[in-house]
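Working notes for the structure below.
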Amino acid sequence: MKDQQHLFNLIIIGDEILHGSRQDKHFAFFKSLLESRGLKLNQVQYLPDEPDLLVKQLRRSFSDGLPTFVTGGIGSTPDDHTRQAAAAALDLPVVRHPEAAKFIEAVTLKRGEPLDAPEHAQRLKMADFPAGSELVPNPFNNIAGFSIREHYFFPGFPVMAHPMAEWVLDTYYADRFNQTERGSRSVYVFGQPESRVAPIMEYVERTYPGVRSYSLPSVGWQSADGTAVKPHIEFGIKAEGGACRDLDKAWDEVLQRLKDVGAELKDTPA
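Residue numbering for the sequence shown follows the UniProt record's numbering, starting at 1 and increasing by one per position.
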């Protein structure tokens, strides 16, 4: 079974992102955050604020067995369904977390509001989590997120979610940082169709288990200095873990086979 210790999933929840009223700022951040620690984003889902669909997808996610970041839908308004969906996906009740409630009480008092105010009662709903959840601290406003079964639930606001995610990684997964070797090689291929490159890809993956190939066609572009770059293919191979030992040998064969079919080659930018 493939080593998955370096893989993490991401679920981004919110009608506002799917409908385009807000631009997603999570995908690029989480990808960069994980890569900075030698980890890898395995898969991303964008989901609406639709309770039944959230339950279905979270149930599947819990069964995957991968650590998962979940952003959005844990506020206190009627369109926030994530905490209830997580509980339903695990067949657990939603209960009030006493420590989270104390944090919210402190927020209310800091605002100069009484604890019997309706606003405070509404705010306290953000302390309701699936039974058995642990807190994820929120340094922005001290209203905590929660975690359960290696799923980490954050507000949709990047200013809150992003430092919370850093805390999760540094607290729970530091032993996994930079443990997986990775390598890749790539080249621009000019003057050849993908149909002529594909057999080389098939050969490499057949001959070197664990080495994967990729082909990214481009229609070309005009550089800022006016230089035209012709249509081409960015062709490459990549590997993780023990398969990295075969990269150099596989790449030598790739380059030779590309030259044999008459390809014009140019190094990709470093």
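In this text, a Cβ means the ideal position worked out from N, Cα and C, and glycines have one as well. Predicted model only: the values in this text are computed from it and were never measured.
- As DSSP reads the structure, tryptophan 221 sits in a beta bridge with Val229.
- Residue range 247 to 260 is occupied by the alpha helix (DSSP H) that includes lysine 249.
- With a cutoff of 8 angstroms on beta-carbon distance, alanine 239 and glycine 183 are scored as near each other.
- Across the structure, methionine 126 and threonine 180 are spaced so that their CA atoms are roughly 37 angstroms apart.
- Glycine 183 is bridged by DSSP to Ala239.
- In terms of Cα proximity to aspartate 15, the closest of His6, Asp3 and Glu50 is Glu50.
- Counting other Cβ atoms within 10 Å of its Cβ, tyrosine 172 stays below 16 and is therefore classed as exposed.
- Residue burial is scored here from C-beta neighbours: alanine 228 has fewer than 16 other C-beta atoms within 10 angstroms and is therefore classed as exposed.
- Proline 231 has its alpha-carbon roughly 43 angstroms from the corresponding atom of methionine 160.
- DSSP links isoleucine 11 through a beta bridge to Gln45 and Val70.
- Around the beta-carbon of aspartate 128, 16 or more other beta-carbon atoms lie within 10 Å, marking it buried.
- Remark: C-beta atoms of leucine 41 and phenylalanine 8 approach each other more closely than 8 angstroms.
- Arginine 111 sits in coil when the DSSP states are folded into three classes, being neither helix nor strand.
- Nearest to glycine 132 by alpha-carbon distance, out of Val70, Ala87, Leu124 and Ala174, is Ala87.
- Here DSSP, grouped into helix, strand and coil, assigns leucine 124 to helix.
- Cβ-Cβ separation between leucine 33 and alanine 165: approximately 6 angstroms, consistent with a contact (criterion under 8 angstroms).
- Arginine 176 is a Cβ neighbour of glutamine 5, given a cutoff of 8 angstroms.
- Under the DSSP assignment, serine 147 falls in the beta strand (DSSP E) whose first and last residues are 145 to 148.
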